[in-house]
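These protein sequence lines map, in sequence, to chains U and C.
To convert, note that position 111 of the first sequence is 102 in this note's numbering; the numbers rise steadily by one, no gaps.
Position in the second sequence counted from 1, then plus 8, gives you this note's numbering.
Working notes, beginning with the structure itself.
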Amino acid sequence: MTRAWMVAAVAWGCGGSSGTTTTTPVTVEECEDSASGAEAAACVTQAFLDSLSDSERSTAALELTDSAERTQWSNLPGQTRPGLAFGDLSDAQRSLAYAVAGALLSDEGYEDFVGVLAADDYLDEQGGGGGGPGGYGSDYAHIAVFGTPSAGGDWAVMLGNHHMAYNVTFDAGVGYPVPNHIGVEPKGTFTVGGESYAPLDDDGADMIAVFESLDASQLAQAYLTGQTFGDVVLGPVEYDSGSLSAVDYPTQEGLAVSSLSSAQQDLVTTAMAAWVRSFADGTADALMADYTAAYDQTTIAFGGQSSGPDLDTAGTYMRIDGPRVWIEVAMQSGVILQGTHYHTIYRDKDFDYGASL
Amino acid sequence: MSPLWVGLAFAHPATPSTLTLDVGRQQVAMDLRIPRDQLEMALSGEATWHPELPAPSDALVVPYVLANLGLTSGGEPLPLQLDGLTWTEVDGEPFVELSLTARSGDPLGSLVLHDSAVAERVRSHRTWVVLRGDVGAGVDVEPRMVGMVNGVRRELAIPAGGASRGMVALAAFRDGITHIAGGFDHMVFLWELLVAVPLVARGGRWSVSTEGVARRLFGLLTAFTLAHSATLVLVALGLVHVPGTLVESWVALSVLVAGLHLWRPLWPGREGLFAAAAGLVHGAAFAEGLLGSGLSAGELALPLVAFNGGIEVAQEALALGTLPLWMTVASRPALRRAVAGAGVLAGLGWLVSLWS
Chain U
-8 MTRAWMVAAV AWGCGGSSGT TTTTPVTVEE CEDSASGAEA AACVTQAFLD
42 SLSDSERSTA ALELTDSAER TQWSNLPGQT RPGLAFGDLS DAQRSLAYAV
92 AGALLSDEGY EDFVGVLAAD DYLDEQGGGG GGPGGYGSDY AHIAVFGTPS
142 AGGDWAVMLG NHHMAYNVTF DAGVGYPVPN HIGVEPKGTF TVGGESYAPL
192 DDDGADMIAV FESLDASQLA QAYLTGQTFG DVVLGPVEYD SGSLSAVDYP
242 TQEGLAVSSL SSAQQDLVTT AMAAWVRSFA DGTADALMAD YTAAYDQTTI
292 AFGGQSSGPD LDTAGTYMRI DGPRVWIEVA MQSGVILQGT HYHTIYRDKD
342 FDYGASL
Chain C
9 MSPLWVGLAF AHPATPSTLT LDVGRQQVAM DLRIPRDQLE MALSGEATWH
59 PELPAPSDAL VVPYVLANLG LTSGGEPLPL QLDGLTWTEV DGEPFVELSL
109 TARSGDPLGS LVLHDSAVAE RVRSHRTWVV LRGDVGAGVD VEPRMVGMVN
159 GVRRELAIPA GGASRGMVAL AAFRDGITHI AGGFDHMVFL WELLVAVPLV
209 ARGGRWSVST EGVARRLFGL LTAFTLAHSA TLVLVALGLV HVPGTLVESW
259 VALSVLVAGL HLWRPLWPGR EGLFAAAAGL VHGAAFAEGL LGSGLSAGEL
309 ALPLVAFNGG IEVAQEALAL GTLPLWMTVA SRPALRRAVA GAGVLAGLGW
359 LVSLWS
């Protein structure tokens, strides 16, 4: 089976904001026959590492025990991130970095990955306003590999940029794709490099659908009274700390998912899947099974206008809170552009970083 | 400063607050910086932020912060006093900055910060807590992040406080010694003065005279010490402010000029006066980066005196410990010129690096 991302990896070997298109073919075909998602991910990641010079590899390949680096992700542009910047990669290496993302993510997830990078190129094109040290653009995205990729081993990958943090840890071949931050400015459709994108719009719609299905009394129960949200609660609070000690989950609040009709519960499942199923099936299947099996201990909640969440109102906030799953969506006012934009986070209370920090 | 602290400073929605602490023996000075939009959200009671939210007035902010901020020492709440409030901008983002002091009649016990300001309502908000100074750890400590408070975690143990007078004095004294040991420019300068001690000018040239060396050495060290102690105290207490680059430039210039003087007498017999003038400048340099602090003069007196004592002891040790060496250098014109030349070059180099 040739998955869409393998084709995409070739197509997306173009140089992002630099606009230099390349037709360099990427040889990751040998990874196609992998028996598992973890094996495919390890195979492609190893191919990426093999494409690097010794000095590039010493920057990109870190130890799994480098805890501080493993927590160096952020929603912000211009932050110190571990690994190699996409802008410093050759076209072939960059294609392989995209292929790593492709191997870790589902087709929908990969679309968001590409779209969020494109959004940063769009911000750069719109005049960006700097973005602090560094700036906006997919050239500033970083890739770092922790430990030695192997089908059944312990290792991790970080792909990070402004509005993007994929932290996928494999523990004996089992993938834990958390913490996962994804955001995008602008919200909605934009065009850059002749291509149109609207990353996260379907995810936002899936989340909104849950709350739109609620009646007045359910909505009131789901509302986080007396609280306001300028952002997600559990963004990169552990940045550079190498520890989870700053990740404080609030006491569970909101409306019990178990009290919802089965149609409404399906909407919750769809909304949850918008984040969890951004990752390859091999990673996402077990997590979705665990999260949906815990609906009797899971709540949904929102903040902002008490009349119900609205994606075009800054301060709108939505949350799915289970014994393990933690998904937040916060609508921010624009930094560069008018209107709102997405900030989201997906964590697992037990398995952030594969519980291996 | 930690990279995180710097990184979070530029404008973006939901910037965290920072609370900076200077821990003394009986008081804690605090600077709390809150992004204005987050404060507006907390004070307005509205569910979302929008540009039409009323700008919070001082009269609203002060009681709100005082009601949501506290410090306990050994479990006992300390009274908080507001020393100042300013509205400011950092990289185009508006902030309010409050300076507060928590005072205790007794030496401080174990400190716990209680802070629910903003985060009691704005649940995405967090406050980074930075320990800038701690007299128990010395006067020359690097600011460090000690933790974070947020809507869930509203208490934080502060790893400082509880130091005895002896510990405060010892830590400051030790910092004084390491300050000289690590201050290459001061050592070079002092050595240039020392090599000139056994020299007297005759006909515009140096010649060696051991007569009165002890008296001249004593005079030189006394003049330098009195002068740098004076500016150290003035600058450290915030009574005098001199820009850092200016201080460093004057220090570099003093090294250069002392080198020239050692090469060929420029003001023979007035070395004490020169030492005093240069001492004023070097004192300001010693004070740089010390407990930059909102702590009272009474709190700072002991560590400053002890720090100065450490500087003295290190200087005397250098002067006396290398006495045979500088006496020898002084008596050999080639060696003397080598030291003089090295000083001139070092001074020039520093000046160039500071201004290029």
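The beta carbon of each residue, even a glycine, is placed where N, CA and C say it ideally should be.
Secondary structure at residue i, three-state DSSP: helix, strand or coil?
| i | result |
| --- | --- |
| Pro341 of chain C | helix |
| Arg367 of chain U | Residue 367 of chain U falls outside the range modelled here, since chain U spans only -8 to 348, and no answer is possible. |
| Asn66 of chain U | coil |
| Ser97 of chain U | coil |
| Pro190 of chain U | coil |
| Gln37 of chain U | helix |
| Phe270 of chain U | strand |
| Pro24 of chain C | coil |
| Pro43 of chain C | strand |
| Phe181 of chain U | strand |
| Asp30 of chain C | strand |
| Gln35 of chain C | strand |
| Tyr333 of chain U | strand |
| Ser324 of chain U | strand |
| Tyr167 of chain U | strand |
| Gly174 of chain U | strand |
| Leu302 of chain U | coil |
Between the Cα of residue i and those of the options, spot the shortest distance and give me the residue it belongs to.
| i | options | result |
| --- | --- | --- |
| Ala342 of chain C | C:Met38, C:Ile166, C:Ser215, C:Ala125 | C:Ser215 |
| Ala283 of chain C | C:Gly306, C:Val205, C:Ser132 | C:Val205 |
| Ser351 of chain U | U:Tyr214, U:Ser250, U:Leu108 | Nothing can be reported for residue 351 of chain U, as the shown portion of chain U is limited to -8 through 348. |
| Gly212 of chain C | C:Leu270, C:Val263, C:Ser172, C:Thr186 | C:Leu270 |
| Asp301 of chain U | C:Val36, C:Thr56, C:Ser339 | C:Thr56 |
| Thr180 of chain U | U:Pro227, U:Ala110, U:Ala237, U:Val159 | U:Ala110 |
| Gly317 of chain C | C:Arg224, C:Leu274, C:Leu281, C:Gly184 | C:Gly184 |
| Ser297 of chain U | U:Leu225, U:Leu210, U:Leu43 | U:Leu210 |
| Leu202 of chain C | C:Glu101, C:His187, C:Glu324 | C:Glu324 |
| Thr307 of chain U | U:Gln288, U:Ala163, U:Gln329, U:Tyr333 | U:Tyr333 |
| Glu311 of chain U | U:Ile291, U:Met322, U:Thr62 | One point to set straight first is that residue 311 of chain U is Ile, not Glu, in the sequence displayed. Selected option, being the one with the closest Cα: U:Ile291. |
| Thr62 of chain U | U:Ser234, U:Phe270, U:Ala247 | U:Ser234 |
| His249 of chain C | C:Ser112, C:Gly291, C:Ala285, C:Ser262 | C:Gly291 |
| Trp275 of chain C | C:Val126, C:Trp363, C:Gly329, C:Leu207 | C:Leu207 |
| Ala196 of chain U | U:Val35, U:Val259, U:Gln329, U:Asp222 | U:Val259 |
By how many angstroms is the C-alpha of residue j removed from the C-alpha of residue i?
| i | j | result |
| --- | --- | --- |
| Asp114 of chain C | Ser347 of chain U | 45 angstroms |
| Glu20 of chain U | Ser27 of chain U | 15 angstroms |
| Leu247 of chain C | Leu312 of chain C | 14 angstroms |
| Ala338 of chain C | Val149 of chain C | 38 angstroms |
| Thr12 of chain U | Asp115 of chain U | A caution first: Thr12 of chain U carries a pLDDT of 33, below 50, which makes its placement in the model too unreliable to give a value. |
| Val265 of chain C | Val241 of chain C | 25 angstroms |
| Gly287 of chain C | Leu331 of chain C | 21 angstroms |
| Ser237 of chain C | Val137 of chain C | 33 angstroms |
| His122 of chain C | Leu86 of chain C | 11 angstroms |
| His133 of chain C | Phe197 of chain C | 50 angstroms |
| Ala348 of chain C | Leu268 of chain C | 6 angstroms |
| Leu164 of chain C | Asp145 of chain U | 34 angstroms |
| Phe181 of chain C | Gly174 of chain C | 10 angstroms |
| Ser204 of chain U | Gln255 of chain U | 7 angstroms |
| Met155 of chain U | Ala67 of chain C | 41 angstroms |
| Met195 of chain C | His187 of chain C | 10 angstroms |
| Val221 of chain C | Thr336 of chain C | 13 angstroms |
| Val201 of chain U | Ala275 of chain U | 21 angstroms |
| Gly166 of chain U | Pro140 of chain U | 12 angstroms |
By the 10 Å Cβ neighbour count, where 16 or more other Cβ atoms means buried, how is residue i classified, buried or exposed?
| i | result |
| --- | --- |
| Ser65 of chain C | exposed |
| Arg223 of chain C | exposed |
| Phe232 of chain C | buried |
| Ser361 of chain C | exposed |
| Leu40 of chain C | buried |
| Ala346 of chain C | exposed |
| Arg33 of chain C | buried |
| Gln323 of chain U | buried |
| Asp30 of chain C | buried |
Can we count residue i as close to the ligand ADP, meaning its CB is less than 7 angstroms from some heavy atom?
| i | result |
| --- | --- |
| Thr80 of chain C | Among the components of this structure there are no ligands whatsoever, and the ligand ADP is therefore not found. |
Worksheet item: Going along the chain, which unbroken runs of the alpha helix (DSSP H) with 4 or more residues stay wholly within the stretch 205 to 268 of chain U?
Response: 207 to 213, 253 to 267
Item to complete: Counting only runs of 4+ residues fully inside the stretch 148 to 218 of chain C, write out the alpha helix (DSSP H) ranges in chain order.
Response: 173 to 189, 192 to 204
Worksheet entry | Sequence ranges, beta strand (DSSP E) only - wholly within the stretch 77 to 147 of chain C, length at least 3 | 77 to 81, 88 to 98, 101 to 111, 119 to 123, 134 to 142
Discussion item. Runs of 4 residues minimum, wholly inside the stretch 220 to 292 of chain C: which ones carry the alpha helix (DSSP H) assignment?
Written reply: 221 to 244, 252 to 271
Worksheet item: What residues in the stretch 235 to 252 of chain U have a beta carbon less than 9 angstroms from any beta carbon of chain D?
Response: Given the protein chain composition of this structure (U and C), no chain D is represented.
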